[in-house]
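Visitor:
Numbering (the numbering used here), first residue to last: 256 to 547.
Okay, structure coming up:
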């Protein structure tokens with residue numbers, strides 16, 4: 256939920272009154288959070304640099320987003336920075352946080368600029384936030400020289416200035432100059448005119464394909480269960496922990512639990528996979544060809 260104006264002002268006042276951290280204190284707080292997950296240290300670190308987040312958020316107001324939303328996104332970027340900051344690298348937290356704050360705000364602005372995603376690559380982001388500024392400067396400089404750049408020259412110069420391909424400039428220019436419209440709008444003014452949505456090809460799977468995929472998935476699952484059953488208890492445990500859990504365990508951690516060396520666990524894992532491979536290859540020629 257976006258913050259309203261009074262809340263924005265209140266948050267800004269609180270941020271301006273926050274403590275200023277020297278390098279030594281900042282380092283201690285960063286270590287306390289990274290090594291001990293000390294939430295009080297994290298709170299002090301975040302609070303101290305909220306003024307930085309708010310200051311950066313204010314620079315993006317020209318894109319039409321509510322200031323409260325921009326501050327929220329800046330705060331998220333600040334928290335991500337605190338969570339990923341490595342104090343051993345010898346970099347001030349504020350220097351590191353700037354990148355995360357800016358990235359978070361830019362992603363938010365681009366997500367909400369249009370219902371159609373405006374861009375996601377680094378060159379598209381650079382264009383979105385710099386193209387109009389660069390174009391305005393080039394127009395002023397050309398005017399001062401008494402010249403006039405045509406559209407192609409302008410696009411080519413922008414591409415060179417920002418360091419992106421020409422086709423990216425052409426694509427972004429079209430996106431920024433266009434506007435969203437409903438797919439349910441008719442293609443003509445006639446009452447019986449076809450809607451734009453009717454012209455979109457359905458790329459979704461057909462019912463027959465869905466049934467076939469579900470059948471194949473169930474078959475593969477049963478084959479996998481059968482292959483796992485061919486393993487002994489220790490091998491099955493290793494394969495399950497290494498490949499079938501959301502967070503796979505390391506060879507070292509399994510070795511510690513089983514009382515084995517890291518290399519021995521790796522050998523057992525390889526042997527288990529070989530057993531499963533032989534069992535799966537016997538299921539069908541398709542599986543055998545896939546594993547070849």
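The beta-carbon is built from N, C-alpha and C at its ideal position, and this holds for glycine as well. Just so we're clear, the structure is a prediction, and the values are computed from it rather than from any experiment.
With residue 516 and residue 510 assumed to form a contact (beta carbons below 8 Å), what rounded beta-carbon distance in angstroms separates them?
Guide: Here residue 516 is taken as the residue at index 261 of the chain shown, counted from 1. Here residue 510 is taken as the residue at index 255 of the chain shown, counted from 1. With a beta-carbon spacing of about 6 Å, residue 516 and residue 510 fall inside the 8 Å limit used to define contacts.
Visitor: Is it buried or exposed for residue 389, if we count other Cβ within 10 angstroms and need 16 for buried?
Guide: In the chain shown, counting from the first residue as 1, residue 389 sits at position 134. That one is buried.
Visitor: With a floor of 3 residues, list each beta strand (DSSP E) that falls wholly inside the region 502 to 530, ordered by position along the chain.
Guide: none
Visitor: Out of curiosity, what's the CA-to-CA distance linking residue 506 and residue 282?
Guide: Residue numbering aside, residue 506 sits at position 251 when the chain shown is read from its first letter. Residue numbering aside, residue 282 sits at position 27 when the chain shown is read from its first letter. For residue 506 and residue 282, the distance between alpha carbons rounds to 33 Å.
Visitor: Taking residue 486 as the reference, give the member of 470, 472, 473 and 535 with the closest Cα.
Guide: Numbered from 1 along the chain shown, position 231 holds the residue referred to as residue 486. Of the candidates 470, 472, 473 and 535, the one whose C-alpha sits nearest the C-alpha of residue 486 is 535.
Visitor: Using the Cβ count rule (16 or more neighbours within 10 Å means buried), how would you classify residue 531?
Guide: Translated into positions along the chain shown, residue 531 becomes position 276. Counting Cβ neighbours within 10 Å, residue 531 comes out buried, since at least 16 surround it.
Visitor: Out of 474, 343, 398 and 339, which has the shortest C-alpha to C-alpha gap to residue 279?
Guide: Position 24 of the chain shown, counted from the start, is the residue given in the question as residue 279. That would be 343, whose Cα lies nearest to the Cα of residue 279.
Visitor: Going by the beta-carbon positions, is the gap between residue 333 and residue 352 smaller than 7 Å?
Guide: Residue 333 sits at position 78 when you count from the first residue of the chain shown. Residue 352 sits at position 97 when you count from the first residue of the chain shown. The Cβ-Cβ distance between residue 333 and residue 352 falls below 7 Å.
Visitor: Determine the direct distance from the alpha carbon of residue 274 to that of residue 527, and round the result to whole angstroms.
Guide: As a working mapping, residue 527 is identified with position 272 in the chain shown. As a working mapping, residue 274 is identified with position 19 in the chain shown. When rounded, the distance between both Cα atoms is 58 Å.
Visitor: Grab the span of the alpha helix (DSSP H) containing residue 332 for me, first residue to last.
Guide: For the purposes of this step, residue 332 is taken as residue 77 along the chain shown, with counting starting at 1. Where residue 332 is concerned, the enclosing alpha helix (DSSP H) stretches over 322 to 339.
Visitor: Under the three-state reduction of DSSP, which class applies to residue 292: helix, strand or coil?
Guide: Residue numbering aside, residue 292 sits at position 37 when the chain shown is read from its first letter. Coil at residue 292, not helix or strand.
Visitor: Leaving out five residues on either side along the sequence, give the residues of the same chain with a beta carbon under 7 Å from the beta carbon of residue 411.
Guide: For the purposes of this step, residue 411 is taken as residue 156 along the chain shown, with counting starting at 1. Closer than 7 Å at the Cβ level, and outside the excluded window around residue 411, lie 421.
Visitor: Between the beta-carbon of residue 284 and the beta-carbon of residue 299, is there less than 7 Å?
Guide: For the purposes of this step, residue 284 is identified with residue 29 of the chain shown, where counting begins at 1. For the purposes of this step, residue 299 is identified with residue 44 of the chain shown, where counting begins at 1. It is a contact, given that the beta carbons lie within the stated cut-off.
Visitor: Please list, in chain order, all residues of the same chain as residue 523 whose beta carbon is under 8 Å from its beta carbon, the five residues on each side excluded.
Guide: Reading the chain shown from its first residue, position 268 is the one you call residue 523. The residues are 489, 490, 493 and 515.
Visitor: Kindly list the residues whose CB is nearer than 6 Å to the CB of residue 404, restricted to its own chain and excluding five residues on each side of it in sequence; keep chain order.
Guide: Here residue 404 refers to the residue found at position 149 of the chain shown. Closer than 6 Å at the Cβ level, and outside the excluded window around residue 404, lie 397.
Visitor: Quick one: Cα of residue 256 to Cα of residue 479, how far?
Guide: By 1-based counting over the chain shown, the position of residue 256 is 1. By 1-based counting over the chain shown, the position of residue 479 is 224. In this prediction, residue 256 has a pLDDT of 35, which is less than 50 and means its spatial position is unreliable; what the coordinates show is noted afterwards. The alpha-carbon atoms of residue 256 and residue 479 are separated by roughly 46 Å.
Visitor: Classify residue 288: buried if its beta carbon has 16 or more other beta carbons within 10 angstroms, exposed otherwise.
Guide: Against the chain shown, residue 288 aligns to sequence position 33. With 16 or more other CB atoms across the displayed protein chains lying within 10 angstroms of its CB, residue 288 is buried.
Visitor: Can you tell me whether DSSP reads residue 423 as helix, strand or coil?
Guide: As a working note, residue 423 is residue 168 in the chain shown. In this structure, residue 423 counts as helix in the three-state DSSP scheme.
Visitor: When we look at the beta-carbon of residue 499 and count the other beta-carbons within 10 Å, is it buried (16 or more) or exposed?
Guide: Taking the first residue of the chain shown as 1, we reach residue 499 at position 244. It counts as exposed.
Visitor: Use the C-beta contact count for residue 327: other C-beta atoms within 10 angstroms, 16 or more gives buried, fewer gives exposed.
Guide: One-based indexing of the chain shown puts residue 327 at position 72. A buried status is given to residue 327, since no fewer than 16 other beta-carbon atoms sit within 10 Å of its beta-carbon.
Visitor: Please classify residue 322 as buried or exposed, where buried requires at least 16 other C-beta atoms within 10 Å of its C-beta.
Guide: Here residue 322 refers to the residue found at position 67 when the chain shown is read from its first residue. That one is buried.
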